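Structure record follows, encoded as structure tokens.
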Amino acid sequence: MTSDENDRGGLHRLIYASRFTGPAQGFDEVLRAIIAKSIQSNRLDDVTGLLMAGEGRFLQLLEGPAKRVEAIYDRIAADPRHADLVRIYGGPAERRLFRDWNMGQHRLGAADHALLAEVGLNGFNPSALDAQAAETLLIAAGGRHRR
Ligand SMILES: Cc1cc2nc3c(=O)[nH]c(=O)nc-3n(C[C@H](O)[C@H](O)[C@H](O)COP(=O)(O)O)c2cc1C
Numbered sequence: 001m002t003s004d005e006n007d008r009g010g011l012h013r014l015i016y017a018s019r020f021t022g023p024a025q026g027f028d029e030v031l032r033a034i035i036a037k038s039i040q041s042n043r044l045d046d047v048t049g050l051l052m053a054g055e056g057r058f059l060q061l062l063e064g065p066a067k068r069v070e071a072i073y074d075r076i077a078a079d080p081r082h083a084d085l086v087r088i089y090g091g092p093a094e095r096r097l098f099r100d101w102n103m104g105q106h107r108l109g110a111a112d113h114a115l116l117a118e119v120g121l122n123g124f125n126p127s128a129l130d131a132q133a134a135e136t137l138l139i140a141a142g143g144r145h146r147r
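The opening residue of the sequence shown carries number 1 in this note's numbering; numbering runs sequentially from there.
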């Protein structure tokens, strides 16, 4: 943990799931816009994370200084492009899981069924996950993008 994070109440992690509200054919374009905005904006707040998206659903992890993560989440929660937000975890974290990405993304594909099955999902319905399973899934998804 950096002293910067200490000053603002320690490293904080937040995980939530939500449902895309737009038409299916608009999903990828919205995802692109969200990622572009998030990379730019989260960098300024020293926030990192991963957004997993597919089947009209989102699963996102945000980590960084507590106040900043919660402020971003407040904005996200008010965004009409998604609904039915389920907060899976919000609390302290020992270390960053995605320190290299201000917002990484994983677009769910056909090859990901094994990934989902590992956490007991038959289809991408992340709002049913507990914190441990959500972290496991996000780490596995993020791992696909590392060499
Ligand atoms: C699924 C989803 C994830 C998002 N993730 C982020 C994020 O990590 N960081 C961020 O700044 N905005 C994120 N946004 C966008 C915010 O909801 C909001 O539109 C954006 O922060 C711009 O807010 P502003 O116009 O009030 O500055 C996300 C939106 C959605 C629908």
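Quick reminder that beta carbons are idealized off the backbone N, C-alpha and C, glycines included. Note that the structure is a prediction, hence the values are computed from the model and not measured.
| query | Beta carbon of residue 110, beta carbon of residue 50: below 8 Å? | reply | no
| field | Cβ-Cβ separation, residue 80 to residue 11 (assumed contact under 8 Å), whole Å | value | Going by Cβ atoms, the distance from residue 11 to residue 80 rounds to 30 Å, so no, they are not a contact pair.
| request: Consider the C-beta atom of residue 125 and the heavy atoms of ligand 1; say whether any pair is separated by less than 7 Å. | output: no
| query | Per DSSP, residue 16 is paired with what? | reply | 60, 87
| field | DSSP-derived helix/strand/coil call for residue 126 | value | helix
| said: Considering only heavy atoms of ligand 1, does any lie closer than 7 Å to the CB of residue 177? | reply: As displayed, the chain neither begins before 1 nor continues past 147, which places residue 177 out of reach and without an answer.
| task | Check whether the Cβ atoms of residue 139 and residue 97 lie closer than 8 Å to each other. | result | yes
| query | Where do the ends of the beta strand (DSSP E) carrying residue 106 lie? | reply | 104-107
| field | Cβ separation of residue 115 and residue 85, assumed to be a contact under 8 Å, to the nearest whole Å | value | At roughly 23 Å, the Cβ-Cβ gap does not stay under 8 Å, so residue 115 and residue 85 are not in contact.
| When DSSP labels each residue in this structure, what does residue 10 get in the three-state scheme? | coil
| With 16 other CB atoms within 10 Å as the buried threshold, where does residue 43 fall? | exposed
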